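When the letters of the sequence shown are read in order and numbered with this note's numbering, they come out as residues -18 to 254. Ideal placement from N, C-alpha and C gives every residue a C-beta, glycine not left out. Treat the numbers as computed from the prediction; the structure is a model and nothing was measured. For reference, the structure is listed below as structure tokens.
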Amino acid sequence: MLIKKLAQLSLTVCLCSALTCVASDDKREAEFALDVQKDLSSGRVVWLQAQDKAFLSLYTEVASNSPEGVVILLHDMGAHPNQAKIIERLRTFFPEHHWSTLSIQMPLREEGAKIEDYYGLFPESKERLFAAIDFAKAQKAEKVVIIGYGLGALMATAALQEKSTHVNGLVTISLSSSDLGETYAQTLPFIASLTLPMLDIYGELDSPDVVSGAKERHTIGKLKSQYRQIKLDNEGHLYLNDNGLLVKRIYSWVNRVISHKSQEIPRICSSKD
């Protein structure tokens, strides 16, 4: 099965090399797929389809008999569905607390590409997210929450400007500020027209584009009852000091706003434990 999927990826590479097109770096995706599957210790591989192309996803089912739904995870720029620290921790934490997770491979550019180089991949990222939502619904998920990190957060807001059906909540981690000259990077208009619960969480020492836009996002978001913003003190974009606190804040919000519960938050070990 894996060989067949990688062959499909290689075919796409050949086609794109002969044409002028903006598509994901399929060679990098194939390399990530091999590495992720080799080191995978929890969850199972699921190959989803978008735009006639297969892409890697990791589905980790809930550990209890009372599932709340599915959390869809979108990694940061140039990463993969088991991105160390943040995505990996969220992917394995939620299934222990009544939520299955589906972490998907987002489109990639070549190594070293900048965020503006990724804008051309936003239509493809939208289709991948929609495929993930469809998969979650096929698993009989009663609720679907999307958690995007960095570029994954921006891709989520761009996709949900067009379609929010079957999505119950959105969490953005380190969401960058709006790029007024780019259609796919309009975070402020997205928040202004917000129709679903949203948690906007970032670090005090985050990337400059994240921090600079946080005040504007809060100014607009405070007019929307569905919006909440949290700043984590002394944390940068990688949340190295205590990513356990990041997970705790996200879980607390999901538990209260989406699940409508106020139970005690489980202890979450920090990266220093």
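{"Query": "So Val125 packs on Val51, CB below 8 Å; how close in whole Å?", "Result": "6 Å"}
{"Query": "Look at Gln86 and His56 and say whether their C-beta atoms are less than 9 Å apart.", "Result": "yes"}
{"Query": "Can we say the region 103 to 123 touches the region 71 to 78, given the rule of at least three CB pairs closer than 8 Å?", "Result": "no"}
{"Query": "What do you get for Ser158, buried or exposed, if any count of 16 or more other CB atoms within 10 angstroms of its CB means buried?", "Result": "buried"}
{"Query": "Please tell me whether Ser155 and Thr73 are closer than 9 Å, where the distance is taken between their beta carbons.", "Result": "no"}
{"Query": "Quick test of your reading: Arg9 and Leu89, contact by CB under 8 Å. State the CB separation rounded to the nearest angstrom.", "Result": "5 Å"}
{"Query": "Are the beta-carbon atoms of Tyr232 and Ile211 separated by less than 9 Å?", "Result": "no"}
{"Query": "So within the region 122 to 182, which uninterrupted beta strand (DSSP E) runs reach at least 3 residues, ignoring any that extend past its ends?", "Result": "125 to 130 and 150 to 154"}
{"Query": "On the DSSP bridge assignment, give the partners of Gly59 in chain order.", "Result": "Answer by DSSP bridge pairing: none, since Gly59 is not bridged."}
{"Query": "For Ile202, which three-state DSSP category applies?", "Result": "The displayed chain sequence assigns Gly, not Ile, to residue 202. Three-state result, Gly202: helix."}
{"Query": "DSSP three-state call for Tyr220: helix, strand or coil?", "Result": "coil"}
{"Query": "What's the call for Gly162, buried or exposed, on a 16-neighbour Cβ count within 10 Å?", "Result": "exposed"}
{"Query": "Work out the CA separation of Ala173 and Lys205 for me, nearest whole Å.", "Result": "7 Å"}
{"Query": "According to DSSP, is Arg90 part of a helix, a strand, or is it coil?", "Result": "coil"}
{"Query": "Using a 10 Å radius around the Cβ and a threshold of 16 neighbouring Cβ atoms, would you call Thr164 buried or exposed?", "Result": "exposed"}
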